[in-house]
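Add 17 to the 1-based position in the sequence shown for my numbering, that's all there is to it.
We treat Cβ as the ideally placed atom computed from N, Cα and C, and that holds for glycine.
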Amino acid sequence: MDFLKINGAHGEGGGQIIRSAITLSCITKQPIHLENIRKNRKDEGLKAQHLTAIRILQKISKADVIGAKIGSTELKFIPGNVENLELIEDVKTAGSISLILQVLIPVVSISQKKLSLIIKGGTDVLWSPSMDYTQHVLKEAYSRMGIEFSIEIIKRGYYPKGSGEIKLKVYPSKIKSLILSKRETNNLKLKCTFSKISIDVIKEKIGIIKEKIMKENFNVEIEIKEEEAIDSGASLLIY
């Protein structure tokens, strides 16, 4: 079999190489052989969130996979045909759900299929887009490109336990061109969600941010919402 070899240590050598590789493998039907996975990181190899994305894509596309285990620095991924599915998955850590969705949404939608997924893990964690970013920013950008999906946030999941939960639905799409050449408005939105943190602390931080935004001549609409979560945490999105 003709595998496309990919060096997972290229550039920053992080998880994005894994996500991009398996996504494009499914879309193009090109088998890939990933080597040196996350070799530039202190804790090299596959982590729970990477394995969850691989496992879901394996189910969706009937792929053959070799090397999918925690700590593995090598992976062979042979995609099949994408199918309509309903799935329930659990990262079992605070691993980022939004990074997993970056893999699933384009694969399913571009393949003209549907996916209904309930998944547990981290909804708002460090070094990853927040779930609000996925729901408001990524969704808007994808929609302009013809890719449609919906997200229902059932429970927030912060570090260290995660245990957040969302429901995702992805729909078949026809891709179209996207032009983003100018800012369309001076009106911004600020959304802050939090759990088990004093509302006074939240309002103080938001007040500082609002002042800086106003100095730049932007209008800002503010939404503050306390939500259920196991751990304390907060996320803030300006869009």
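Selection from the options that minimises the alpha carbon distance to residue i
| i | options | result |
| --- | --- | --- |
| C209 | I164, K222, K56 | K222 |
| R58 | G31, T110, I77 | G31 |
| D248 | I71, D60, K172 | K172 |
| H67 | E233, D81, G88 | G88 |
| L205 | D217, I239, K220, I216 | I239 |
| L168 | I39, A65, Y188 | Per the sequence shown, the amino acid found at residue 168 is Ile instead of Leu. For the residues I39, A65, Y188, the minimum Cα distance to I168 belongs to Y188. |
| N101 | Y256, K76, A251, A70 | K76 |
| S252 | Q33, E61, R72, T140 | T140 |
| Y175 | K232, R72, S128, K213 | K213 |
| A80 | T40, G224, D60 | T40 |
Assumed close pair residue i, residue j - CB separation to whole angstroms, cut-off 8 Å
| i | j | result |
| --- | --- | --- |
| L254 | H153 | 7 Å |
| P96 | K130 | Rounded, the Cβ-Cβ distance is 13 Å, inconsistent with contact. |
| K137 | S198 | Wrong, their Cβ atoms sit about 39 Å apart, outside the cutoff. |
| I241 | I219 | 6 Å |
Cβ neighbours of residue i in the same chain (closer than 7 Å, five flanking residues each side left out)
| i | result |
| --- | --- |
| S145 | S113, S115, L116 |
| C43 | L74, S78, P96, V99, V124 |
| L118 | T151, L185 |
| E91 | L51, E52, I54, G84 |
| D217 | none |
CB contact flag (residue i, residue j, <8 Å)
| i | j | result |
| --- | --- | --- |
| I135 | K184 | yes |
| E245 | F211 | no |
| I170 | M148 | yes |
| V108 | R36 | no |
| V142 | A111 | yes |
| L63 | K93 | no |
| S133 | E103 | yes |
| I49 | A38 | yes |
| G25 | R55 | yes |
| F166 | K178 | no |
Neighbourhood of residue i by C-beta distance below 6 Å, restricted to the same chain and skipping five residues each side
| i | result |
| --- | --- |
| I164 | S126, S190 |
| E182 | K137, I171, K172 |
| S128 | V99 |
| L21 | Q47, I49 |
Beta-carbon contacts of residue i that lie in its chain and below 8 Å, excluding the five residues immediately before and after
| i | result |
| --- | --- |
| L195 | A158, R161, M162 |
| N234 | N203 |
| I230 | L205, L207, V237, I255 |
| D19 | P48 |
| G250 | D141, R173, Y175, Y176, F211, S212, K213, I214 |
| I23 | I34, A38, I49, H50, L51, E52 |
| E61 | I54, R55, G88, T90 |
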